[in-house]
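J.: Taking the numbering used here, I'd label the letters of the sequence shown as residues 51 to 296.
Heads up, the beta-carbon is just placed ideally off N, CA and C, and yes, glycines get one too.
Below is the structure I would like to discuss, written out as structure tokens.
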Amino acid sequence: MVAAVAFAVLYAVALLMVPALPGIDHPGLDIVTHLNEHSGAMRTQALLLAFGALALVVVLGHARDRLAGPYAFVFTIGSAVVLVQISIATWFTAGLSLHPGDLGSGTARALADVVTMFGPLLTVANIMVAAPILLAANEGRFPRWLGIVAAVFAVEQLIETITIIGPPGSFISPGGPMNTYLGGPLFILFFLALGVALSLPDGSETPALPAGPGTAGGEPADDSRPADASASEASASEDPAERDPE
51 MVAAVAFAVL
61 YAVALLMVPA
71 LPGIDHPGLD
81 IVTHLNEHSG
91 AMRTQALLLA
101 FGALALVVVL
111 GHARDRLAGP
121 YAFVFTIGSA
131 VVLVQISIAT
141 WFTAGLSLHP
151 GDLGSGTARA
161 LADVVTMFGP
171 LLTVANIMVA
181 APILLAANEG
191 RFPRWLGIVA
201 AVFAVEQLIE
211 TITIIGPPGS
221 FISPGGPMNT
231 YLGGPLFILF
241 FLALGVALSL
251 PDGSETPALP
261 AGPGTAGGEP
271 ADDSRPADAS
281 ASEASASEDP
291 AERDPE
């Protein structure tokens, strides 16, 4: 739970401390202006995201330990893709902030477009992570409420894939408000909820059975002797005269 809280705090601060890059409907000059105004904050944001990724790995590792079957592998692949995509997007944003004064508007616009597609394509990886948690919650490996959270997150991310082809300047444009102000907070809340659920006792464990009347000291009675051995003892105890009347 500590790792989940650390992740949520670090990512929430990182999300709020720097305004989103100008949308795909803005010229490259606006990107350069944005980078010059926020270059220091963007590098700090990259540091927070790096530490947040370490905390997220802990949460994902503990969650994977409760999964089984084919969808456990889906979760593993999805988790890896999430972390890789976050790292690649951070490379670009942090790199752009190093020498913003030397950037041409065309170069800035092209690199910002690459970063912009991070949010729309992250939705696929998020579905790969949320769906196995939903299935595991239905099997009792996680609390029922986490299954509801996972279902909401998965459905929202599925709808959010529309931002891959969204028109410029709209709510569903790539890297636009749907990615930043809807998908971003839900991303943080889902993994925070997952961490909280992992801190609770595992409900899938079978409780110990109470001692029954046929047990002594909580251990089962020894019924391991075969029936043939009992029958042999009974026949040996019979009187030889009864067995041979002549």
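Only counting the same chain, and skipping five residues up and downstream in sequence, which positions put a Cβ closer than 6 Å to that of residue 207?
T.: 173, 176 and 177
J.: Along the chain, where does the alpha helix (DSSP H) containing residue 150 start, and where does it finish?
T.: First-last for residue 150: undefined, no H or E at that position.
J.: Give the straight-line distance between the Cα atoms of residue 67 and residue 104, rounded to the nearest whole angstrom.
T.: Taking the straight line from one Cα to the other gives about 20 Å.
J.: What residue from 93, 129 and 64 has the CA that sits closest to residue 112's CA?
T.: 129
J.: Residues in its own chain within less than 6 Å of residue 193 by CB, not counting five upstream and five downstream?
T.: 247
J.: Drop a sphere of 10 angstroms on the beta-carbon of residue 53, count the other beta-carbons inside from all chains shown, and report buried for 16 or more, exposed for fewer.
T.: buried
J.: As a quick exercise: from 166, 164 and 179, pick the residue whose alpha carbon is nearest that of residue 120.
T.: The residue with the shortest Cα to Cα distance from residue 120 is 179.
J.: State the DSSP-derived secondary structure class of residue 118, mapped to helix, strand or coil.
T.: Here DSSP, grouped into helix, strand and coil, assigns residue 118 to coil.
J.: What are the boundary residues of the alpha helix (DSSP H) that includes residue 194?
T.: 194-210
J.: Once the 5 residues before and after residue 160 are set aside, which same chain residues still bring their CB inside 7 Å of it?
T.: none
J.: Using alpha carbons as the reference points, say which of 158, 242 and 168 lies closest to residue 215.
T.: 168
J.: Rounded to whole angstroms, what's the CA-CA distance from residue 158 to residue 225? Just pull it up for me.
T.: 15 Å
J.: Hey, could you find the ends of the alpha helix (DSSP H) residue 221 is sitting in?
T.: Run containing residue 221: none; DSSP gives neither H nor E here.
J.: Is the beta carbon of residue 100 closer than 9 Å to that of residue 242?
T.: no
J.: On the three-pair Cβ rule with 8 Å, is the segment 84-101 touching the segment 142-157?
T.: yes
J.: What residue from 80, 78 and 110 has the CA that sits closest to residue 245's CA?
T.: Comparing Cα positions, the closest option is 110.
J.: CA-CA distance, residue 249 and residue 234?
T.: 23 Å
J.: Between the alpha carbons of residue 140 and residue 223, how many angstroms are there, rounded?
T.: Taking the straight line joining both Cα atoms gives about 20 Å.
J.: Count the other CB atoms within 10 Å of the CB of residue 170; is the residue buried (16 or more) or exposed (fewer)?
T.: buried
J.: Can you have a look at residue 61 and say buried or exposed, based on whether 16 or more other CB atoms are within 10 angstroms of its CB?
T.: buried
J.: Nearest to residue 230 by alpha carbon, out of 65, 51 and 209?
T.: 65
J.: CB residue 162 to CB residue 69, shorter than 9 Å?
T.: Taking 9 Å as the cut-off, the Cβ atoms of residue 162 and residue 69 do not count as close.
J.: Assuming residue 153 contacts residue 85 under a Cβ cut-off of 8 Å, what Cβ separation, rounded to an integer in Å, is found between them?
T.: 7 Å
J.: Give the DSSP-derived three-state secondary structure of residue 187 in the structure shown.
T.: helix
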